[in-house]
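Heads up, the thing below is written out as structure tokens.
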Ligand SMILES: C[S@@+](CC[C@H](N)C(=O)[O-])C[C@H]1O[C@@H](n2cnc3c(N)ncnc32)[C@H](O)[C@@H]1O
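In my numbering, the protein residues as written are 1 to 260.
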């Protein structure tokens, strides 16, 4: 895998170094949802997609399939999910069977940088908590737009800072957040209509996720004592990110429509 892809993969899961990649499935084994809110995304689709029959949805960097499976289960639509981590895709496949939606969910291992060049004609593309894997916000939105039909939708879960200076307060340093105004101007510039903005729930229980990860990090430290610093660093990054989402940045899901 190319170095840049690996670095972005690590960062998409809040890891500061690529040395953590082999351990991420172990560290995250107790979590199914890895970032975006499946209930909120399903609600947005239910409210704004008129005809659900024959609808095809693309879930880029789908993680363990928590979003795709909820959508397929509640709306009966076809979902195509891609992720780079084989263990996540295997888990997504098992969960699809458990929820009896395996005929609607198509999961595959793939680099979304390639997927965006090969997939097109979708009714909606979901980009949930993936960060800068496809480039900066403008590059990301342009690539997402290529995968959907005219009048199709983008659902993007990201975050903004209250104002530009606030970037200095952010603890997690691998990402430069835009302000809300910068995002909105970008949507206009690209011909994307803002259908709905859903601000993330303030009372999400980060503590229980963080405790689960810390417990797995302790277990790994017993097996690999020489890597203790690496695992401790991951636990700290997770804490920093959840502190940011509580205090310094605003988590948001936007539903956009391609109108140009
Ligand atoms: C924070 S998780 C979000 C997962 C999912 N969208 C969700 O909200 O539950 C970020 C995901 O991006 C995936 N990822 C990072 N770089 C990727 C790439 N180049 N191609 C495919 N998936 C990638 C990671 O494996 C991880 O599952």
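Glycine is no exception: its CB is placed at the ideal position from the N, C-alpha and C atoms.
Note that the coordinates shown come from a computational prediction; the quantities given were computed from them, not determined experimentally.
Identity of the residue in the options nearest residue i by Cα
i	options	result
residue 257	134, 124, 153, 190	153
residue 151	38, 260, 5	260
residue 170	26, 239, 30	239
residue 178	172, 166, 15	166
residue 63	137, 92, 71	92
residue 183	137, 90, 142	137
residue 140	160, 219, 116	116
residue 118	94, 187, 82	82
residue 98	86, 248, 69	69
residue 41	158, 231, 15	158
residue 213	4, 15, 7	15
heavy atom of ligand 1 below 7 Å from residue i C-beta
i	result
residue 111	yes
residue 88	yes
residue 82	yes
residue 5	yes
residue 119	no
residue 9	yes
residue 133	yes
residue 33	yes
residue 199	no
residue 130	yes
residue 62	yes
residue 242	no
residue 36	yes
residue 71	no
residue 67	yes
residue 85	yes
residue 12	yes
Extent of the continuous alpha helix (DSSP H) run through residue i
i	result
residue 20	Run containing residue 20: none; DSSP gives neither H nor E here.
residue 253	Per DSSP, residue 253 belongs to no alpha helix (DSSP H); it is in the beta strand (DSSP E), 250-258.
residue 66	66-75
residue 83	Here residue 83 belongs to no alpha helix (DSSP H); instead the beta strand (DSSP E) covers 78-83.
residue 48	38-48
residue 123	No alpha helix (DSSP H) holds residue 123; the beta strand (DSSP E) holding it covers 122-128.
residue 92	86-98
residue 212	206-223
residue 235	228-247
Continuous beta strand (DSSP E) stretch holding residue i: start and end
i	result
residue 159	148-160
residue 170	Looking at the DSSP string, residue 170 is not in any beta strand (DSSP E), and its letter there is neither H nor E.
residue 56	56-60
residue 197	192-199
**Request:** Would you check if the region 201-213 and the region 236-245 touch, i.e. whether three or more CB-CB distances between them fall below 8 Å?
**Result:** yes
**Message:** Under 8 Å, with one C-beta from each stretch per pair, do the region 182-199 and the region 220-236 reach the 3-pair mark?
**Reply:** no
**Prompt:** Counting pairs of Cβ atoms below 8 Å between the region 119-135 and the region 143-150, do you hit three or more?
**Reply:** yes
**Request:** Evaluate the contact criterion for the region 131-143 versus the region 86-105: three or more CB pairs, one atom per stretch, below 8 Å.
**Result:** no
**Asked** Within the chosen definition, does the region 43-50 reach the region 19-33 through at least 3 CB pairs nearer than 8 Å?
**Response** no
**Request:** Count the CB pairs spanning the region 30-46 and the region 66-80 that are closer than 8 Å, and state whether there are at least three.
**Result:** yes
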